[in-house]
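Reviewing the structure listed below.
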Amino acid sequence: MESLSPMLVGFTGCLMVSFLFSEFFNKLRYPRVLGYILAGVFIGLPYVNAFLLPEGFMPLLEFLSEVGIVFFILLAGTEIDLERLREMSTASLAVGFSAFICPLTLTFTFLSLFGLGFSTSLIVALCMSVTAAAIAVEILMEYGLLQSRDGAVIVGAGMVDDILGVVALSLILVAVKVDDLTVDSLVAAAGKLAAEYLAFFLIAVVVGLWVYPYIASLVWRRRGENQMLTLSLIFGLLVTFLSQVFGLSSLIGAFIAGLIINQTVKKRREGREIIRNLDAITFGFIIPFFFISVGLRFDLANIFRNMPLLIGLTVLGAVGKYAGVYLAGKMVKLKEGTIRAVGYGMNSRGGIELIIAVVALKQGLMGESVFSLIVSVALLTTFTSLHFFKRQVAENMNRLGPLVDDTLKEGVHPHRHLAEM
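Under our numbering, the first residue of the sequence shown is numbered 1, with each subsequent residue one higher.
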């Protein structure tokens, strides 16, 4: 009898456990991402670990986790429509920027006073500033309110948050490589970074706006949707590799590739189907392993040892996000109910900030104890904010009546697929 393959046992077991946990949370009307993370925590338990993580499987898990990060950011890029971004209302831009800056400032100040180093404080504050807007989008879709004022502001502000988060992390990763933080060294590093970005963008634009669309048009003529998906994946991975060649973060490469793919395929009838297939591959097959790796790094003992820090981060992260929405909402004259709904909706976490945390952990910018705190805050804020968000959305509907035409209630928005997490 042929012996069992450790790789096959570990792969199948991890995928099965993550599926069961995610479906359980989905039945409870919570995001699947919470199930994925807790599946990782469960798999990390001693006896479960011995069975589901056989010797030799961890390198494969780490590889799948790395691929999951690239695919997640690539998909996030495909969900951002540049034309919609240009037409975005002042309210969305103001709320997105303010809801990013306020928690960033509050949590960075708190962590600095708590005694954490500059780089660690900045990375953790960055994690507290990013929103998993797709979670709120799913609830808005259930109520038929995605095209309402609340939905437009949350989706738009979520786009702004994603862009700011990815760009900020890329800049931080470059800055921490500077050995001597003097004015001259920072100016030199900034000049080198600008040159690298310029060279990367020039090549990415040439490949993305001419070479990729030309090859794509040949594939379209043969009605090869499957081949088009393969071509898009190859293009995304090549641009990601190119960004690393120029010394930039792979996150920037994957994000730019996603934007270009969106611009190339969105005008075709089959374009959204390609992105849906990319979503299915990412969330149905690859991203569970990323979240499992997050859960495996989670240390409950560290949480109990750092309870004051956990409470402070959770409170300030939530208050900072809500305060940012409130201040911007008052400036652009949003209604009180809309401000509350957007404030609660933008307090959910569990997406790009976890990727930021994993990248920072691997770069040595934080320890596993701080990483566990970030995961805990993501779980706590998502659990609590969803409760308040659902209640506020229902209250807005009862008070204001239908906010959208029935013809719009079945509309499909680009963020629908990310909302399925």
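Think of the CB as a built atom: it goes at the ideal place given N, C-alpha and C, for glycine as much as any other residue.
(message) If I measure Cβ to Cβ from Leu52 and keep anything under 8 Å in the same chain, skipping five residues before and after, which residues do I get?
(response) The answer, listed in chain order, is Val9, Gly10, Gly13, Cys14, Val17, Ile43.
(message) Since Phe100 and Leu316 should fall inside the 8 Å C-beta cutoff, what is the C-beta to C-beta distance between them, to a whole number of angstroms?
(response) Contact flag wrong, Cβ pair sits at about 14 Å.
(request) If I'm right that Leu379 touches Ser348 with Cβ under 8 Å, what's the distance once you round it to whole angstroms? (result) Actually they are not in contact, since the Cβ atoms of Leu379 and Ser348 sit about 11 Å apart, beyond 8 Å.
(request) Would you check if the stretch 210-220 and the stretch 192-200 touch, i.e. whether three or more CB-CB distances between them fall below 8 Å? (result) no
(request) Inspect the beta-carbon positions of Leu327 and Ser92 and report whether they are closer than 8 Å. (result) no
(request) Please confirm whether Leu251 and Ser369 have their CB atoms less than 8 Å apart. (result) no
(request) Pick helix, strand or coil for Leu300, following the three-state DSSP scheme. (result) Correct three-state label for Leu300: helix.
(request) Measure the Cβ-Cβ separation of Ile339 and Val358 and say whether it is below 8 Å. (result) No, the Cβ-Cβ distance between Ile339 and Val358 is not below 8 Å.
(message) Give me the residue from Leu113, Val245, Gly367, Tyr47 with the minimum Cα distance to Phe298.
(response) Gly367
(request) Return the CA-CA distance between Leu403 and Ala152, expressed in angstroms with no decimal places. (result) Note that Leu403 has pLDDT 37, beneath the 50 cutoff, so the model's placement of it is unreliable and the number below is only indicative. Those two C-alpha atoms are separated by around 12 Å.
(request) Report yes or no: do three or more beta-carbon pairs, one from the stretch 280-288 and one from the stretch 299-314, lie closer than 8 Å? (result) no
(request) Pick helix, strand or coil for Ser119, following the three-state DSSP scheme. (result) In the structure shown, Ser119 sits in a helix (DSSP, three-state: H, G or I).
(request) With DSSP as the reference, label Met307 as helix, strand or coil. (result) Helix at Met307.
(request) Determine, using beta carbons only, whether Leu229 and Ile261 come nearer to each other than 8 Å. (result) no
(request) Report buried or exposed for Leu61, applying the criterion of at least 16 other Cβ atoms within 10 angstroms of its Cβ. (result) With 16 or more other Cβ atoms from the protein chains shown falling within 10 Å of its own Cβ, Leu61 counts as buried.
(message) Just to confirm before moving on: does the CB-CB distance between Gly165 and Ile352 stay below 8 Å?
(response) yes
(request) Return yes when the Cβ of Thr105 is within less than 8 Å of the Cβ of Val124, no when it is not. (result) no
(request) Report the three-state DSSP secondary structure of Leu106 (helix, strand or coil). (result) Helix at Leu106.
(request) With distances taken Cα to Cα, identify the nearest neighbour of Ile303 among Asp162, Glu66, Val130, Val377. (result) Val377
(message) Taking its Cβ as the centre, do 16 or more other Cβ atoms sit within 10 Å of Gln244, making it buried, or is it exposed?
(response) exposed
(request) Output yes or no for whether 8 Å exceeds the beta carbon distance between Gly329 and Val48. (result) no
(request) Just the C-alpha distance for Met58 and Arg391, rounded to the nearest angstrom, thanks. (result) 42 Å
(request) Let me know if Leu202 comes out buried or exposed under the rule of 16 or more other beta-carbons within 10 Å of its beta-carbon. (result) Classified as exposed, Leu202 has fewer than 16 neighbouring CB atoms from the shown chains inside 10 Å of its CB.
(message) Give the list of continuous beta strand (DSSP E) stretches no shorter than 3 residues that lie fully inside the stretch 248-297.
(response) none
(request) Give the secondary structure of Gly329 by DSSP, where H, G and I count as helix, E and B as strand, and everything else as coil. (result) helix
(message) Would Ile69 and Phe290 qualify as a contact pair, given that the criterion is a beta-carbon distance under 8 Å?
(response) yes
(request) Determine, using beta carbons only, whether Thr240 and Gly253 come nearer to each other than 8 Å. (result) yes
(request) Give the secondary structure of Leu313 by DSSP, where H, G and I count as helix, E and B as strand, and everything else as coil. (result) In the structure shown, Leu313 sits in a helix (DSSP, three-state: H, G or I).
(request) Keeping to the same chain, check which residues put their C-beta closer than 6 Å to that of Ser22; ignore five residues upstream and five downstream. (result) Arg32, Gly35, Tyr36
(request) Name the residue from Met128, Val219, Leu242, Leu74 whose alpha carbon lies nearest to the alpha carbon of Tyr322. (result) Closest by C-alpha distance to Tyr322, out of Met128, Val219, Leu242, Leu74, is Met128.
(request) Measure the CB-CB distance between Gly320 and Ile154 and report whether it falls below 8 Å. (result) no
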